[in-house]
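Everything below concerns the one structure shown next.
Protein chains in written order, with this note's numbering: chain A, 1067 to 1419; chain B, 405 to 713.
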């Protein structure tokens, strides 16, 4: 598949009074055309910072891209000027934000907010842009668009507002859509609708999506590939099946184990012990070592490289080293993995019948 | 909308009646009569005059008489200036005060907003500190110091504008500048704080993610959302500025209403005290109504529910 985006060794830091916070520490990944890459990880793991850095939306100062390349269609976004970036934002890459209640301008009509990008990037006149805005509102499933285009955000419900945010992001048919926890602030039924909408639109427009979430249920639903982030690094990356059925990193085990499911009602929900490290002074070895039941001596001394599991599956854990002892994932995780496999099997059977 | 405004006007009227009542009785509690300072009059002569103006009646009767006059728009006749109607005196004097106040308010708000905007955009930079410095100076140094400095340097040394008195527009420049320092400071401080908050909000990020440039982000998305608190503080300030300022009017020898008001209190000129108080109150309540309507104009969320349907 053709690469749309290639991120090489990206590091982002924030200069604070307490010192340099290394929010993202050497992240590399690709996004192919038409695929959905999910980035998962707990709060503060650097998911949002990574994607905001892609669009150069990190407030500078205090933030800065320390090193690395962001290759998007042969351009290194990390080196473009602000003026050049303005031409890419909203046109080639656009973003859907987490909280629809705050991500729309409360004093501007919905239509004008959708039209802004069209007028800027596609050089449309106001009348034409408005027509297109109404089309977009219909596309994202907002009824009575012709009238609602002149309303203000407070006249829309949370789910409707998120549809508007999606419409804004889609306005100029971006090649890459970054969705930063687009369903976190919504209730579950609306979540499902927005996810369906995004999948639907991706099918129609063949755009690539980077989907940030900490909800693994959502990941299983939308993603083609998954990158697991921890303490500013990608610790494991692979296809959805590889991450769910054959996770290799103890942190991924922990994440999968701490995901509630219908049949886990009678067992205790697993929680990863401890807290994430302080990124002002990240630990010397594997950042996850202190919370890792399977940590070895080397985990505290040296950062593990990305070990190859398959062509698409890589994980940064010393457990994959040839001299490492064979370690099986904990029993609960194994049960989980079997559960996922069964579900998947049931689903495929169901699809066939 | 029309219904809302009518309702507000009725409330205004009620408020004014309450204010008139309170000020009337408070004023009557002041010691002395308008004739206290008149040593040349004998007691008998004073009696005749007090009788003539109805000042010997019991206070409740005086109150009813006054309110009766008020109902038909009669504010009474001044004691200080023989046979001059209070309305005339106020109208005579309010002009210069209003003009100075309005000029200072408009200039002050515009300059202050720009300073605040620049400060917010270049947060923690040189321009931010300079603008904050101007704001601190404007807020902490009283206007009469500026007045004196302006008179000395601009008027006396440079001779660009007249030192004092009233007449042409040139006469208004220095008092306007002296008065504008305070609104500049207030507007700059509020604009800076609000703008910083607005620029940090999520919808600004949405706008940037659309590719809107810095200018568009600040002016199209930022300013309008930062205006509400500014309008809230500028309203009462507008009243304070436009109803006359004793000090500035004295220093620049402006025939404004500020001085008139103070003199009327020291001389127990009851009709003038009442007239001016009621005028100021009316103006204040009116400005509050204007501010409420402005809120709706700025922020659609505050617009009246009936307008939505």
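For glycine and all other residues, C-beta sits at the position ideal for the given N, C-alpha and C.
Residue burial classification, residue i (beta-carbon count within 10 angstroms, cutoff 16)
i: residue 540 of chain B; result: exposed
i: residue 439 of chain B; result: buried
i: residue 1179 of chain A; result: buried
i: residue 1317 of chain A; result: buried
i: residue 1083 of chain A; result: exposed
i: residue 716 of chain B; result: No information on residue 716 of chain B is available, as it lies outside the stretch 405 to 713 that chain B covers here.
i: residue 1237 of chain A; result: buried
i: residue 712 of chain B; result: Low confidence applies to residue 712 of chain B: its pLDDT is 43, below 50, so where it sits in the model is not reliable, and the reading given next is rough at best. Result: exposed.
i: residue 532 of chain B; result: buried
i: residue 1383 of chain A; result: buried
i: residue 1008 of chain A; result: Because chain A is modelled from 1067 through 1419, residue 1008 of chain A falls outside the range shown and cannot be assessed.
i: residue 1419 of chain A; result: Note that residue 1419 of chain A scores a pLDDT of 44, beneath 50, so its modelled location is shaky; the value from the coordinates is reported in the next line. Exposed, because fewer than 16 other Cβ atoms sit within 10 Å of the Cβ of residue 1419 of chain A.
i: residue 1187 of chain A; result: buried
i: residue 407 of chain B; result: exposed
i: residue 670 of chain B; result: exposed
i: residue 1252 of chain A; result: buried
i: residue 1308 of chain A; result: buried
i: residue 1247 of chain A; result: buried
i: residue 710 of chain B; result: Caution applies to residue 710 of chain B, whose pLDDT of 47 falls short of 50 and renders its modelled position unreliable; the model cannot decide the point.
i: residue 633 of chain B; result: exposed
i: residue 1301 of chain A; result: buried
i: residue 1189 of chain A; result: exposed
i: residue 496 of chain B; result: exposed
i: residue 1241 of chain A; result: buried
i: residue 1138 of chain A; result: buried
i: residue 1191 of chain A; result: exposed
Range covered by the alpha helix (DSSP H) that runs through residue i
i: residue 1153 of chain A; result: 1148-1154
i: residue 674 of chain B; result: 674-702
i: residue 533 of chain B; result: 530-544
i: residue 612 of chain B; result: 606-613
i: residue 574 of chain B; result: 574-603
i: residue 652 of chain B; result: 650-655
i: residue 558 of chain B; result: Per DSSP, residue 558 of chain B belongs to no alpha helix (DSSP H) and is neither H nor E.
i: residue 1284 of chain A; result: 1282-1288
i: residue 428 of chain B; result: 406-432
Opening and closing residue of the beta strand (DSSP E) in which residue i lies
i: residue 1132 of chain A; result: 1129-1138
i: residue 1069 of chain A; result: 1069-1082
i: residue 479 of chain B; result: That residue, residue 479 of chain B, is in no beta strand (DSSP E); it is neither H nor E in DSSP.
i: residue 645 of chain B; result: No beta strand (DSSP E) contains residue 645 of chain B, which is instead part of the alpha helix (DSSP H) from 627-646.
i: residue 705 of chain B; result: Segment: none, residue 705 of chain B is in no beta strand (DSSP E) and carries neither H nor E.
i: residue 1291 of chain A; result: 1291-1296
i: residue 1091 of chain A; result: 1085-1098
i: residue 1102 of chain A; result: 1102-1106
i: residue 496 of chain B; result: Where residue 496 of chain B is concerned, there is no enclosing beta strand (DSSP E), although the alpha helix (DSSP H) it sits in stretches over 490-525.
i: residue 1245 of chain A; result: 1242-1246
i: residue 668 of chain B; result: Looking at the DSSP string, residue 668 of chain B is not in any beta strand (DSSP E); the run it does join, the alpha helix (DSSP H), is 661-670.
i: residue 1161 of chain A; result: 1159-1162
i: residue 1306 of chain A; result: Premise fails: residue 1306 of chain A lies in the alpha helix (DSSP H), 1306-1311, not in any beta strand (DSSP E).
i: residue 1274 of chain A; result: 1274-1279
Contacts that residue i makes with chain B (C-beta to C-beta distance below 7 Å)
i: residue 1163 of chain A; result: 606, 609, 610
Chain A contact residues for residue i, given Cβ-Cβ distances below 9 Å
i: residue 615 of chain B; result: 1151, 1152, 1153, 1154, 1155, 1156, 1157, 1160, 1182, 1183, 1186, 1187, 1238
i: residue 596 of chain B; result: Chain A residues near residue 596 of chain B: none, gap ~17 Å exceeds 9 Å.
Residues that residue i contacts on chain A, provided the C-beta gap is smaller than 8 Å
i: residue 703 of chain B; result: 1172, 1173
i: residue 625 of chain B; result: 1171, 1174
Contact set between residue i and chain B, taken where Cβ atoms lie within less than 8 Å
i: residue 1234 of chain A; result: 610, 614
i: residue 1168 of chain A; result: 605, 606, 607
Residue i CB to nearest heavy atom of the ligand COA below 7 Å
i: residue 1392 of chain A; result: Looking at this structure, you won't find the ligand COA or any other ligand, since it has none at all.
Chain C within 8 Å of residue i, Cβ atoms only
i: residue 1116 of chain A; result: Annotation note: the requested chain C is absent from the structure, which comprises protein chains A and B.
If contact means a Cβ-Cβ distance below 8 Å, which residues of the segment 1198-1221 of chain A contact chain B?
Cβ contacts with chain B come from 1218, 1220, 1221.
Looking at chain A, which residues of the segment 508-525 of chain B have a Cβ within less than 7 Å of any of its Cβ atoms?
none
Check whether the segment 596-611 of chain B and the segment 579-587 of chain B touch, using three or more Cβ-Cβ pairs below 8 Å as the test.
no
Residues from the segment 628-660 of chain B in contact with chain A, defined by Cβ distance under 7 Å:
Residues of the segment 628-660 of chain B with a C-beta atom less than 7 Å from some C-beta of chain A are 628, 629, listed in chain order.
Check each residue of the segment 1118-1132 of chain A: if its Cβ is closer than 7 Å to any Cβ of chain B, include it; give the result in chain order.
1121, 1123
Determine contact between the segment 1150-1158 of chain A and the segment 1197-1211 of chain A, defined as no fewer than three beta-carbon pairs at a distance below 8 Å.
No: the two stretches stay apart, fewer than three of their Cβ pairs being nearer than 8 Å.
Would you be able to state if there are at least three C-beta pairs under 8 Å between the segment 595-604 of chain B and the segment 571-579 of chain B?
no
Flag this pair as touching only if the segment 1081-1097 of chain A and the segment 1286-1299 of chain A have three or more C-beta atom pairs under 8 Å; answer yes or no.
yes
Contact between the segment 544-553 of chain B and the segment 627-641 of chain B (3+ Cβ pairs under 8 Å)
Short answer: they don't touch.
Answer yes if the segment 1359-1374 of chain A comes into contact with the segment 1279-1296 of chain A, meaning at least three C-beta pairs across the two stretches below 8 Å, and no otherwise.
no
So, does the segment 1270-1289 of chain A touch the segment 646-654 of chain B, judging by three or more C-beta pairs under 8 Å?
no
Within the chosen definition, does the segment 689-696 of chain B reach the segment 501-517 of chain B through at least 3 CB pairs nearer than 8 Å?
no
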